[in-house]
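Have a look at the structure below before the remarks.
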């Protein structure tokens, strides 16, 4: 049975008969999935308007929008089409002419004598009501069509009286007489599948009327599996609960999705639940609580046949790892069913699955740990301290700080894992951008408790404390002293011990904290020799220490002008991550720093590819990673000069970060959004976000602060701020003094759009200390601008084009146009002007325009120039464009003047 019934708003009666109605849609009819069904709608429309077609059958699973699509297709045919809505009789009914009963009631008694007379009478009645207009019958076959109704409908189709739009789960649900029409292609099948993520986004945009965050789309899509009806119910429930909120003109989630009390979803699940067997229900109950169960364990509790049947019916999903984890395919079913179960029932299911034995946290993944901990918590059962600690650590690793705090608080102070739990608690507070609470948590460890710790755990506490102090400006400079005290204590305990002795492990952890401090404050050049020593496998067998040191080294090289060496090390480390998978947080640190390396090297496109899709492991969990992912994508686009593309992810990130702020994330988002708006020529919006930035206090590590400062100052330069260029130059000089050549080069490149000769010489000198194509672009811009050499600037523009840095390329081409014209170099001027003309179509707000008075081609001039370059005559062009020959001649004169060409042949390749 179709979940989404045909609307009665166009004249049909709710008792299932059906009435005539005009085709135009009445206001208020909600076609939920229609915005995402454009291609399907075209297919239905084609079938209904084709002379050889008798109609269409729309098939698909429950709730995919079959009836909505049928309505939309009929509505689109306009007022000249007469529509008739039919609904099958209730399930189990055997009355003849069930779906035609309302028409049967209108027939004169003379037509009631035989089936043949009834057939002729109904056909005649439909023709009379249509009054010469084409007729479309929409038919919901959910309850089945009796043979007499099927015979009449078949006659109506074959006599050309009407065409049909039938709605059915499968073609096999249609009457037998219709199957040969399908086989003969007289009726077309249009199959609807669940929405993909892009279609889900389209539907949400259509319904909500504002931007929607990518994390919201991904969360909802994965929860309902792309089912439009369930999506509608979920949105309604989330709006009602206040969890779906409009933040800075973007719809996003306030917290994780909880379906307790979701009435509309509850009704949908209960309808499905009532048709399942007792064994199937029990499997669903267990998976709703456990989230995932190994296939071998599930088949040991329930019969293999039941599990196999559920998989065949699409209820279960079995992943392909060695464990063969089984989950519910549609996650919302588990979320709803779980709310029905009593505490006693949850405990019973837990006991049935565990068989009296608690799992070993060491053998569980982070997702499995959190799922098991959640189930135990929902059963109001005691979670062992070991599992509580492991779950807190897993939550921190998955950037779920509130969950981490809840589990860390479960450990009593007397337990040996209490101090490690305090570290996880501090890390969670830091993820919530609450460094003072984080530090207070660690300072709550007494001196006696600290003295009682072993060397490794002591070093971890010191490392956690130093990490927190970095984010409190008045505490940052005290970090070196803290690390010195730790070294002194470890020296007294036997500093000469060799790895893997606990003291040696602890010494390495303190050394890593020192590297982290130096990187935080920007002292990269000074620590490179020590980092190279620590990252050498021949000298250091400690995998965790070595890999973390190598990642910091990668970043240090990238910032100090050794970009290509950094990229080489990045590739090398990427191949070693699998061997270091046991090192907590190593992959996240590598991803973050590798992104920065690519960004500084000008390889913004690889930044976006490197980030990959957002994780969907926990579809209803809100994570700081969601906003971080969108922020990183937006920053990459902004750095490339693509303000339009940057705004979508950036505004989404801002909306999420204003609700769930993270360390420096909101400041970074504000600055990048201001830059993006400045790039597209929207100064009011740019200044709005700069004002927001100035109202948000906070600190950041050196690399992130560089991104914030760069975006802020470059936005100011685009907006005409007279102090922005000077601030960029000062920042460049400060970074040059500390040998951060890459950062200095980027700042100075942005500052010298209208630079002086000394500034260009400095830019050239800095480029000599750097590596890679972006450094070469800077060098060529410096030389070309200083010597007014168009060819040098053209060469720089070509390299910028390979990096897809269109704003930088436009700068090169605009200067090349001026210098080439001044030197009388017509060929270079034509090349630069043509390229600049193309860039003007993609770069919304050019950073610099030629000062030689040669405007860019208009769209009409560009169109005429293309046709002329292909050999078309003026008369042919005039006919093609619907203008006069004189108009074409005038446009070509402007084109030749602007591009500096004298013949049509010169246009080839320029436009």
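In this note's numbering, the protein residues as written are 274 to 1184.
Each residue gets a CB set at the ideal place from its N, CA and C atoms; glycine is no exception.
Nothing here was measured: the structure is a model prediction, and the numbers come from that model.
*Considering only residues of the same chain and omitting the five flanking positions on each side of residue 255, which have a CB-CB separation below 7 angstroms?*
This structure does not reach residue 255, given that the chain is present from 274 up to 1184, and the question cannot be answered.
*asked:* Give me the residue from 763, 602, 776 and 374 with the minimum Cα distance to residue 494.
replied: As a working note, residue 494 is residue 221 in the chain shown. Here the closest residue by C-alpha is 602.
_Separation of residue 591 from residue 452, as counted between CA atoms_ = Residue mapping note: residue 452 aligns to position 179 of the chain shown, counting from 1. Residue mapping note: residue 591 aligns to position 318 of the chain shown, counting from 1. About 35 angstroms.
*Would you decide whether residue 1027 is buried or exposed? Buried here means 16 or more other CB atoms lie within 10 Å of its CB.*
Taking the chain shown and counting its residues from 1, the one referred to as residue 1027 is at position 754. Exposed.
*DSSP on residue 295, reduced to helix/strand/coil?*
Counting from one through the chain shown, the residue named residue 295 turns up at place 22. For residue 295, the predicted structure reports a pLDDT of 35, less than 50, and the residue's modelled location is therefore unreliable. The matter cannot be settled from this model.
*Evaluate contact between the segment 423-441 and the segment 330-343, counting only Cβ atoms and requiring at least three cross-stretch pairs below 8 angstroms.*
yes
*From residue 1099 to residue 871, what does the alpha carbon distance come to, in whole angstroms?*
Mapped onto the chain shown, residue 1099 falls at position 826. Mapped onto the chain shown, residue 871 falls at position 598. Their Cα atoms are separated by approximately 37 angstroms.
*asked:* By DSSP's criteria, residue 413 is part of a beta bridge. Which residues make up the other side?
replied: The residue labelled residue 413 in the question sits at position 140 within the chain shown. Looking at the DSSP assignment, residue 413 forms a beta bridge with 360 and 440.
*Measure how close the beta-carbons of residue 807 and residue 822 come, nearest whole angstrom, since I'm counting them as under 8 angstroms.*
As a first step, residue 807 must be located in the chain shown, where it is residue number 534. As a first step, residue 822 must be located in the chain shown, where it is residue number 549. Going by Cβ atoms, the distance from residue 807 to residue 822 rounds to 4 angstroms, so yes, they are a contact pair.
*Use the C-beta contact count for residue 1164: other C-beta atoms within 10 angstroms, 16 or more gives buried, fewer gives exposed.*
One-based indexing of the chain shown puts residue 1164 at position 891. Result: buried.
*So, are the CB atoms of residue 562 and residue 484 less than 8 angstroms apart?*
Residue 562 sits at position 289 when you count from the first residue of the chain shown. Residue 484 sits at position 211 when you count from the first residue of the chain shown. Taking 8 angstroms as the Cβ cut-off, residue 562 and residue 484 do not qualify as a contacting pair.
*Just checking, does the segment 544-553 make contact with the segment 508-525 on the three C-beta pairs under 8 angstroms criterion?*
no
*Starting from the Cα of residue 1110, find the closest Cα among 1087, 1092, 1144 and 935 and give me that residue.*
For the purposes of this step, residue 1110 is taken as the residue at position 837 of the chain shown. When only C-alpha atoms are compared, the closest one is 1087.
*Straight-line CA distance for residue 820 to residue 854?*
Along the chain shown, read from residue 1 onward, the residue named residue 820 stands at position 547. Along the chain shown, read from residue 1 onward, the residue named residue 854 stands at position 581. About 11 angstroms.
*Do residue 526 and residue 532 have their C-beta atoms closer together than 8 angstroms?*
As a working note, residue 526 is residue 253 in the chain shown. As a working note, residue 532 is residue 259 in the chain shown. No, the Cβ-Cβ distance between residue 526 and residue 532 is not below 8 angstroms.
*Measure how close the beta-carbons of residue 523 and residue 486 come, nearest whole angstrom, since I'm counting them as under 8 angstroms.*
As a first step, residue 523 must be located in the chain shown, where it is residue number 250. As a first step, residue 486 must be located in the chain shown, where it is residue number 213. About 6 angstroms separates the two Cβ atoms, so the contact holds.
*Are the Cβ atoms of residue 778 and residue 809 separated by less than 8 angstroms?*
Residue mapping note: residue 778 aligns to position 505 of the chain shown, counting from 1. Residue mapping note: residue 809 aligns to position 536 of the chain shown, counting from 1. Not in contact: residue 778 and residue 809 (Cβ atoms no closer than 8 angstroms).
*Nearest to residue 478 (by Cα), restricted to the options 467, 468 and 490*: By one-based count along the chain shown, residue 478 stands at place 205. Cα-wise, what sits closest to residue 478 is 490.
*asked:* Taking the alpha-carbon of residue 640 as reference, which of 986, 961 and 600 has the nearest alpha-carbon?
replied: As a working note, residue 640 is residue 367 in the chain shown. The shortest Cα separation from residue 640 among 986, 961 and 600 belongs to 600.
*Of the choices 316, 409, 374 and 314, whose alpha-carbon is the least far from that of residue 356?*
Sequence index remark: in the chain shown, residue 356 carries index 83 (1-based). Of the listed residues, the one whose Cα sits closest to residue 356 is 409.
_Is the beta carbon of residue 797 closer than 8 angstroms to that of residue 824?_
Here residue 824 is taken as the residue at index 551 of the chain shown, counted from 1. Here residue 797 is taken as the residue at index 524 of the chain shown, counted from 1. No; because the gap between Cβ atoms is not below 8 angstroms, this pair is not in contact.
*How would you call residue 1082, buried or exposed, if buried means at least 16 neighbouring beta carbons within 10 angstroms?*
The residue given as residue 1082 occupies position 809 in the chain shown. Its Cβ being crowded by 16 or more others within 10 Å, residue 1082 is buried.
*According to the neighbour-count rule (16 or more other Cβ atoms, all chains shown, within 10 Å of its Cβ), is residue 1068 buried or exposed?*
Taking the chain shown and counting its residues from 1, the one referred to as residue 1068 is at position 795. Residue 1068 should be labelled buried.
*Between residue 766 and residue 728, which are expected to be in contact by the criterion C-beta below 8 angstroms, what is the C-beta distance as a whole number of angstroms?*
In the chain shown, residue 766 corresponds to position 493, counting from 1. In the chain shown, residue 728 corresponds to position 455, counting from 1. Right, their Cβ atoms sit about 6 angstroms apart.
*Which runs of the alpha helix (DSSP H) fall wholly inside the segment 922-990 and span at least 4 residues, in chain order?*
938-952 and 956-968
*Closest by CA to residue 747, which one among 757, 723, 829 and 712?*
Residue mapping note: residue 747 aligns to position 474 of the chain shown, counting from 1. When each option's Cα is compared against that of residue 747, the closest is 712.
_So if DSSP puts residue 598 in a beta bridge, which residue, or which two residues, is it bridged to?_
Taking the chain shown and counting its residues from 1, one reaches residue 598 at position 325. Paired residue(s): 567.
*Between residue 1156 and residue 1148, is the Cβ-Cβ spacing less than 8 angstroms?*
The count along the chain shown starts at 1 and reaches residue 1156 at position 883. The count along the chain shown starts at 1 and reaches residue 1148 at position 875. Cβ distance not < 8 angstroms, so residue 1156 and residue 1148 don't count as in contact.
*Beta-bridge partners of residue 856, as assigned by DSSP*: Taking the chain shown and counting its residues from 1, the one referred to as residue 856 is at position 583. In DSSP, residue 856 forms no bridge with anything.
*Should residue 807 be counted as a contact of the ligand FMN given a C-beta to heavy atom distance under 7 angstroms?*
The ligand content of the structure shown is nil, which means the ligand FMN is not present either.
_Continuous beta strand (DSSP E) stretch holding residue 461: start and end_ = By 1-based counting over the chain shown, the position of residue 461 is 188. Note, residue 461: beta strand (DSSP E), 460-465.
_Test item: CB-CB of residue 760 and residue 783 under 8 angstroms_ = By one-based count along the chain shown, residue 760 stands at place 487. By one-based count along the chain shown, residue 783 stands at place 510. Yes. Within cutoff.
*Assigned secondary structure, residue 408 (DSSP; H/G/I helix, E/B strand, else coil)*: One-based indexing of the chain shown puts residue 408 at position 135. Note: residue 408 maps to strand in three-state DSSP.
*Do residue 938 and residue 901 have their CB atoms nearer than 8 angstroms?*
For the purposes of this step, residue 938 is taken as residue 665 along the chain shown, with counting starting at 1. For the purposes of this step, residue 901 is taken as residue 628 along the chain shown, with counting starting at 1. Contact: yes.
*DSSP puts residue 517 in a beta bridge; with which residues?*
By 1-based counting over the chain shown, the position of residue 517 is 244. Paired residues: 526.
*asked:* If the criterion is Cβ atoms closer than 8 angstroms, does the pair residue 734 and residue 726 meet it?
replied: Here residue 734 is taken as the residue at index 461 of the chain shown, counted from 1. Here residue 726 is taken as the residue at index 453 of the chain shown, counted from 1. In contact: residue 734 and residue 726 (Cβ atoms closer than 8 angstroms).
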